[in-house]
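In short: position in the sequence shown from 1, add 55, done, that's the working numbering.
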Amino acid sequence: MKNKNILKFSGGLVLSVAFSTFAVAQDTTEKTTTTKTTTKTEVVQNADGTYSVIEYPVGKEVTVDLTPNSMTGAKGMARVMRMADGTKVYVDLTGITGETKNFYAYAVDPSGMPTLLGPVIVENGLAKAEFSTPMNQFMLVLSPNEGLTTIDTATPVVFRSSVPKGYAVVANRPSSTVATDEKQVANSQPVVSIYDVPLLGITRREKGETEIRIKFAGDLAGLKGKAYINSSKAGVTKIKMRFDDMKLAPKQKRYVLWAVSPTKEFTKIGQVINTGKRQEAEIRGETALADFGLFVTVEEKDVMQPTGTIYAPFGRM
């Protein structure tokens, strides 16, 4: 079977993933140039430290301080290791006092929704625990209460993760959802938080490169696109997105390519800014996710989470 399959759609696009990014843009009237864009990382969190969600990188262990709320002398830390098949969390507490012998560890996502990781058992003032989660963007919270469904100022919290040096918090997003049209017509719709984006079915594809041609509609009528998905290398999927006829698309906008995991976690692959002077542009990136979906949003400013409009999600390749 040929490694290169061509799929044509006349409605719009959706595709997705988690990875390092860069954007390449070229003007057909000038010599092709390559530009690598580096995003400056700054630590920004609530002054009271109540929101500290970060995105954990693939293949790198991150040490996170667990700040005690009111327990004098207590110390805590967590080691977080994200891999292609999930994330491991190792919790280590010392100096625990009081009558409470059990805490419960939660991973809290950008919408504020807590997911129970499991119990942390205290013995002689010490506690260690190991957990697994499919999440890649979260903060850690330890509470004496089991079964939490929300985290707010009234929630009893014993430890809360701080933001590690060199990392930026992920923008908080509301937990409401967006209704979608069953026909999946290529009309734009406001993006709120949860995107109903189908996976591409990468695992069922043969090794090699697949090309998908996209013809945008609605506000992006006239803009053309091609996406190249290459899964030749084990454990890594390379993604390349090319835009054509950029001069016909809305100007001074950011065209951002996102990847979405099976657990609805979103990763920014890259972006291009349409200045109106270029005819073609390109985004490249790669991910360790075994399967994912892709989609494009149009943004007014630089963002780390999708906030703009999404164009025509489609099914599997």
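Just so it is clear, CB atoms sit at the ideal spot from N, CA and C, and this is done for glycine as well.
Note to self: Can you list, in chain order, the residues of its chain with a C-beta nearer than 8 Å to that of A345? Leave out the 5 residues immediately preceding and following it.
What the structure shows: A139, D140, I257 and T258
Starting from S216, trace the beta strand (DSSP E) in both directions and tell me its first and last residue.
F214 to S216
Rounded to the nearest angstrom, what separates E201 and G280 at their Cα positions? 48 Å
Problem set entry | Rounded separation between Y161 and L195 - CA only | 6 Å
query = I151 by DSSP, collapsed to three states: which one?
reply = coil
Simplified DSSP state of G273, which is helix, strand or coil
helix
- Spell out the partners DSSP gives M132 in its beta bridges. D120 and D147
Length of the line joining the Cα atoms of P165 and R297 | 30 Å
Exercise. Identify, in the order they occur along the chain, each residue of the same chain with its Cβ nearer than 6 Å to the Cβ of P189, setting aside the five sequence neighbours on each side.
Key: G141 and T318
Practice problem: Have a look at E110, A336 and A343 and flag the residue whose alpha-carbon is nearest the alpha-carbon of V218. | Solution: E110
message: Could you check whether the Cβ of I206 sits closer than 6 Å to any heavy atom belonging to the ligand FAD?
response: Here there are no bound small molecules, and the ligand FAD is not part of this structure.
Requested in this report: Measuring alpha carbon to alpha carbon, tell me which of G363, T152 and M359 ends up nearest V351.
Outcome: G363
Checklist line | Alpha carbon of E354 to alpha carbon of T118, nearest angstrom | finding: 33 Å
_Suppose contacts are defined by Cβ-Cβ distances below 7 Å. Is Y159 in contact with S198 by that definition?_
yes
Could you give the C-beta distance for L303 and L278, rounded to a whole number, given that I count them as a contact under 8 Å?
-> 6 Å
- Grab the span of the beta strand (DSSP E) containing N397 for me, first residue to last. Since the first residue of the chain shown is 56 and the last is 372, residue 397 is not available in this structure.
From the DSSP output, read off the bridge partner residues of V177. BP columns for V177 are empty, so no partner.
*asked:* For K156, count the other beta carbons within 10 Å of its own beta carbon; 16 or more makes it buried, fewer makes it exposed. Which is it?
replied: exposed
Contact under 7 Å by Cβ, V315 with F193: no
contact_flag[the segment 330-350, the segment 287-296] where n(CB pairs < 8 Å) is 3 or more:
yes
Given a threshold of 16 other Cβ atoms within 10 Å of its Cβ, counted over all protein chains shown, does T292 qualify as buried or as exposed?
-> buried
Quick one: Cα of Y145 to Cα of L171, how far?
14 Å
Practice problem: Name the residue from K130, A133 and G180 whose alpha carbon lies nearest to the alpha carbon of E154. | Solution: G180
Q: Can you give me the start and stop residues for the beta strand (DSSP E) that K308 sits inside?
A: K308 to V315
Measuring CB to CB, does E116 end up less than 7 Å from M132? no
Exercise for the section: Can you tell me which of the three DSSP states D278 falls into? Expected result: Here the sequence assigns Leu to residue 278, which means Asp is not the residue at that position. Three-state result, L278: coil.
*asked:* Here's a check: name, in chain order, each residue in its chain whose Cβ is nearer than 8 Å to the Cβ of V177, leaving out the five neighbours to either side.
replied: L148, I151, T155, K156, N157 and F158
Helix, strand or coil: which one does DSSP assign to K302? helix
Does the distance from the C-beta atom of K306 to that of G331 stay below 7 Å? yes
Original post:
From what residue to what residue does the beta strand (DSSP E) around L197 run?
Top reply: Q192 to S198
On the three-state DSSP scale, how would you describe I206?
-> coil
query = How would you call P211, buried or exposed, if buried means at least 16 neighbouring beta carbons within 10 angstroms?
reply = exposed
**Request:** Go ahead and pull the three-state DSSP assignment for T352.
**Result:** strand
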